[in-house]
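Residue numbers (this note's numbering), protein chains in the order written: chain W, 138 to 505; chain Y, 767 to 1049.
Ideal Cβ placement from N, Cα and C applies to all residues, glycine included.
Since the structure is predicted, the reported quantities are computational estimates derived from the model, not experimental observations.
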Amino acid sequence: MAYVAVKGGERAIDAAHDWLARARRGDRSLPEIGTAQIASQLGRAVDRVMAEGSCYDPDLAALAIKQAQGDLIEAAFLLRAYRTTLPRFAHSEPVETDAMLLRRRISAIYKDLPGGQVLGPTYDYTHRLLDFALAAESLEVTPLPLAAASSEDTPRVTALLDQEGLIEPSGVSTEAEPGDLTRDALAFPAERDVRLQSLARGDEGFLLALGYSTQRGYGNNHPFVGEIRVGEVAVELVPPELGFPITIGTITLTECEMVNQFSGSKTEPPQFTRGYGLCFGHSERRAMGMALVDRAMRAEELGENATAPAQDIEFVLSHCDNIEATGFVEHLKLPHYVDFQSELETIRRMRATATAATAATVATETEA
Amino acid sequence: MSGYNFAYLDEQTKRMIRRAILKAVAIPGHQVPFGGREMPLPYGWGTGGIQVTAAILGPSDVLKVIDQGADDTTNAVSIRRFFARTAGIETTTHTADASVIQTRHRIPETPLRADQIIVYQVPLPEPLAKLEQSRAETRQMHALAEYGLMHVKLYEDIARYGHISISYDYPVMVNGRYLMSPSPIPAFDTPKMHRMAALQLFGAGREKRIYAIPPHTDVKPLDFDDHPFRLTRAPQACGLCGARDSYLDEVVMDDRGGRLFVCSDTDYCAGRQSMRQDEDAAA
């Protein structure tokens, strides 16, 4: 075999992209999937991509999912890379989840409460039996009669606890603009605003696993689901020329408030503490994982021993972003000939030294 | 390319990156945090270098992109295309013709001039990361110039193996003050950084850090008087151009131990080969 310097990278890349496009399209005898179908029928996937892509736009998320062949991390990356090119001209007023148009609202700590328990569209009590009827196409769903939606605000469970003073006050709201890690590099120690932002777009699997680890004893914080609510909230903006808020649209959010035990400290009486989760779309798993990890990361602030991974702010925040993680893990596919070559030379030299030393020892022993 | 600004990034972002670069040049070897953006290429694939390049490119610049010393490795091709597409600038594979060189893992063999800038892609900007995981801690160690930990690591290497076992990304002291990661270039390339005439910029996209070595700055690999820094290079000559002074890639020729050693710097090798042919033709 004669060696020719590897040429043709450009042609290889073009051919790879062409092949990829064909693979994405799949069997041409089947109809092509439309982005509207994805947005409407694969809502949970769209929600995950919007959350991790850090951009609320179901249509673009659906496009990203189609383009990425359903690889949701790749889709979130596409959305992020698009998002970063958008100008940031204003920020909204804080969204009011008390005024959420509820689709689902449950509390695990009170049997009944103002606003009631609303089960909503949940997989929780489905039996996980493959529904072969779904495999058949054109399945008709009979519409349900709709109940009238309440226009009253639904108070939060934590507010009820707060009336008795049993739970710590929620974080102090300040006039200061919250941090934004899409504009500034993450710095440690990281404040809670930036931590929550980071978790809200963090990898769902990572949040889930870390939250789970706290339940199994790695930084346990005795959580109860105070409340989970899913629904639509209005996003309001104050245009400088108007000076009052106007609604620019509604978004679907999932919010989880965990109520956690706390034995009190020198300055604080025993009271419940909070872990908070909020994310785009309908994803209770993400919101709960986030709330568990948020509370775990408050260990130091609350005077607890921070020994578990979920309690280590720097560890959690540095590794929760799956766009960063997938990039760096997968970059190992890039050529490393040069570093590997230097490692080859080093290991050969080390082996030569080691072999010579062994030979010398053997020789000495034989002489003796 | 329509719909995007010159060299992809918007001007405000470029300004933010330029500010970070200026600060980095003013404090040689110090890692400056910057508001790194998501790029349309994955993290770990050169997003830091790409952002630095995007921030410094002008319409008259000529860009060269190398990965492992070669212009034709797929990722180098991809990044060169990215700028050809988004900035419409001229690109080259000739080191001498480039005004900006973006690189991953190598410094070209041809010495760089004062009118050139070299941009390194950096995966892990923190030279102390393998010894201390917390960046909050390492930041303090840099502030106090507390680098004993690294000296101990080198000493332990010598005690255990008889010599220092770091063969790439060899830690260097910049301007006698900051310990710096030269990026994963082979130790062979490290001396080229010392008092280089060209400006050296380093971009770490995922870790959101920029640092720099201004022209003619002292860059010293960490070592000991009785165990001085030494280069690692395959002892062979290049099988294509015969160079004995260049860094070599080892190419596996067959499954019976056949190896060919060739220059990793493809432009350098091609230049020497064509010079040889000219000489042969003249003779």
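Per DSSP, Ala371/W is one residue of the beta strand (DSSP E) stretching across 360 to 374. Within 8 Å of the CB of Arg999/Y, the CB atoms of chain W belong to Glu482, in sequence order along the chain. Taking a cut-off of 8 Å for Cβ pairs, the segment 451 to 459 of chain W and the segment 325 to 342 of chain W touch, as three or more such pairs fall below it. By the rule that beta-carbons nearer than 8 Å mark a contact, Ser1030/Y touches chain W. The C-beta of Val186/W comes no closer than 8 Å to any C-beta of chain Y. Contact annotation: Val866/Y and Leu829/Y have beta-carbon atoms nearer than 8 Å. For Pro306/W, there is no enclosing alpha helix (DSSP H), as DSSP gives it neither H nor E. By alpha-carbon distance to Met1019/Y, the top candidate from Gly1005/Y, Asp1011/Y, Arg1010/Y, Ala1009/Y is Gly1005/Y. Contact of Val843/Y with chain W by beta-carbon distance below 8 Å involves Gly146, Glu147, Ile150. By the criterion of at least three beta-carbon pairs nearer than 8 Å, the segment 241 to 261 of chain W is in contact with the segment 289 to 301 of chain W. Among the residues facing chain W, Met907/Y is not included, as its CB has no counterpart in that chain under 8 Å away. Here Phe269/W is exposed: its Cβ has fewer than 16 other Cβ atoms, across all protein chains shown, within 10 Å. The three-state reading of DSSP puts Cys1029/Y in strand, counting E and B together. Between Arg159/W and Ser191/W, the CB-CB gap reaches or exceeds 8 Å.
With 16 or more other Cβ atoms from the protein chains shown falling within 10 Å of its own Cβ, Asp833/Y counts as buried.
About 4 Å separates the beta carbon of Leu215/W from that of Ala201/W, a gap short enough to meet the 8 Å contact definition.
As the crow flies, the alpha-carbon of Ile979/Y is around 11 Å from that of Ile883/Y. DSSP places Asn771/Y within a strand segment (E or B) once states are collapsed to three. Among the residues facing chain W, Gln882/Y is not included, as its CB has no counterpart in that chain under 8 Å away. Residue-level contact by beta carbon holds for Val475/W and chain Y, with a gap shorter than 8 Å. Looking at the DSSP output, Pro952/Y bridges to Tyr934/Y. Counting along the chain, the unbroken beta strand (DSSP E) around Leu415/W starts and ends at 410 to 417. If you look at Tyr921/Y, you'll find it in the alpha helix (DSSP H) that goes 914 to 927.
With contacts defined as CB atoms closer than 8 Å, Glu421/W and Cys393/W qualify as a contacting pair. For Ser900/Y, the chain W residues whose Cβ falls inside 7 Å of its Cβ are Glu451, in order along the chain.
Straight-line measurement puts the Cα of Gly824/Y at about 35 Å from the Cα of Met187/W.
The Cβ neighbour count for Gln887/Y, taken over all protein chains shown within 10 Å, is at least 16; the residue is labelled buried.
A distance of 8 Å or more separates the beta carbons of Gly815/Y and Met946/Y. Secondary structure of Gln868/Y (DSSP, three-state): strand. No Cβ of chain W is located within less than 8 Å of the beta carbon of Met916/Y. The C-beta separation of Ala1000/Y from Glu480/W comes to about 12 Å, leaving the pair out of contact by the 8 Å criterion.
Looking at the DSSP output, Tyr886/Y shares a beta bridge with Thr869/Y, Phe968/Y.
8 Å or more divides the Cβ of Arg353/W from the Cβ of Met434/W.
Assigned with DSSP and collapsed to three states, Asp431/W falls in helix. Comparing alpha carbon positions, the residue from Gly163/W, Val375/W, Arg225/W closest to Arg803/Y is Arg225/W.
Note on the segment 167 to 255 of chain W: whole beta strand (DSSP E) runs with a minimum of 3 residues are 238 to 243, in chain order.
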